[in-house]
Ligand code: MLT
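Numbering (our numbering), first residue to last: 1 to 237.
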């Protein structure tokens with residue numbers, strides 16, 4: 001079994017893909033399903049999200065870290081964790097994370113959303129589904145690698161190596177080295193470029209929340225039957 005880490009999304013997947021956008025898209029996605037949302041629709045564009053407004057549907061996302069015009073919610077996992085979303089479908093579009101999910105879904109067989117908050121459950125689910133490869137895809141920010149995502153990829157890789165034998169690529173070894181270089185996830189996230197940006201715009205609580213390792217057992221899993229070309233449907237898998 002192969003274990004690979006893409007420090008930025010670049011496509012060409014064949015089996016299980018774990019999409020990681022710790023600050024904050026995948027952390028928020030886990031929180032929505034944890035708080036009862038029936039499904040998440042990750043859209044390819046802002047327009048595709050706005051086109052899905054309607055009864056029983058909430059629009060959530062960000063541009064520049066803040067809610068886009070016309071959206072019901074931003075992309076704050078702290079805000080989501082304080083709410084209840086039973087029976088609702090949440091349409092999500094963000095700057096980097098939702099695009100990474102679409103790239104993964106184009107060729108991946110099983111696509112799961114992973115963060116630090118659901119890391120152990122996501123690793124366990126990926127291991128159960130994989131037959132040849134687990135690819136961990138770091139979303140990054142604006143086309144630049146993010147320390148928070150690489151660190152989370154290292155946490156996921158460490159869990160997976162404890163679950164079985166893998167041939168690791170250079171990306172996996174880099175992620176494991178980063179993971180083993182730091183003891184405190186909250187410090188890693190606060191020290192990352194995007195974590196510092198979020199703190200500057202008053203969202204430091206989100207950064208602290210995203211550092212909670214394996215506090216959730218919810219794993220968003222792509223439902224291949226339920227989406228559309230411009231909207232991927234994820235449910236608690
Ligand atoms: C992303 O897509 O990278 C994140 O959603 C950005 C954010 O939430 O600030």
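The beta carbon of each residue, even a glycine, is placed where N, CA and C say it ideally should be. Bear in mind the structure is a predicted one, so any value in this text is a computation, not a measurement.
Excluding the five sequence neighbours on either side, which residues of its own chain have a C-beta within less than 6 Å of the C-beta of residue i, listed in chain order?
i, result
"residue 123", "156, 159 and 160"
"residue 110", "16 and 129"
"residue 9", "100, 103 and 137"
"residue 115", "22, 26, 27 and 30"
"residue 217", "121"
"residue 169", "4"
"residue 87", "38"
Out of curiosity, what's the CA-to-CA distance linking residue i and residue j?
i, j, result
"residue 133", "residue 79", "35 Å"
"residue 36", "residue 92", "15 Å"
"residue 103", "residue 221", "15 Å"
"residue 76", "residue 12", "30 Å"
"residue 213", "residue 142", "25 Å"
"residue 231", "residue 62", "16 Å"
"residue 106", "residue 32", "24 Å"
"residue 5", "residue 154", "9 Å"
"residue 57", "residue 215", "27 Å"
"residue 201", "residue 46", "22 Å"
"residue 206", "residue 20", "16 Å"
"residue 174", "residue 149", "12 Å"
"residue 226", "residue 41", "9 Å"
"residue 119", "residue 178", "16 Å"
"residue 127", "residue 219", "13 Å"
Skipping 5 residues on each side, what residues in its chain have a beta carbon closer than 8 Å to that of residue i?
i, result
"residue 182", "151 and 188"
"residue 199", "190 and 207"
With residue i and residue j assumed to form a contact (beta carbons below 8 Å), what rounded beta-carbon distance in angstroms separates them?
i, j, result
"residue 65", "residue 203", "6 Å"
"residue 117", "residue 210", "7 Å"
"residue 89", "residue 38", "6 Å"
"residue 1", "residue 108", "That pair is no contact at about 16 Å."
"residue 125", "residue 112", "6 Å"
In chain order, what residues of the same chain have a beta carbon less than 7 Å from the beta carbon of residue i, not counting five sequence neighbours either side?
i, result
"residue 145", "7, 8 and 138"
"residue 71", "59, 60 and 61"
Quiz item: Which parts of the region 126 to 190 are runs of the beta strand (DSSP E), unbroken and 3 residues or longer, counting only runs that do not cross its ends?
Solution: 133 to 138
Quiz item: Where in the region 76 to 131 do unbroken runs of the alpha helix (DSSP H), each at least 4 residues long, occur, reported from the N-terminal end onward?
Solution: 77 to 81, 97 to 107 and 119 to 129
Self-check item: Segments of 4+ residues assigned as alpha helix (DSSP H) that fall wholly inside the region 29 to 61
Solution: 46 to 50
Quiz prompt | Continuous beta strand (DSSP E) assignments of at least 3 residues falling wholly in the region 209 to 235 | solution = 220 to 222
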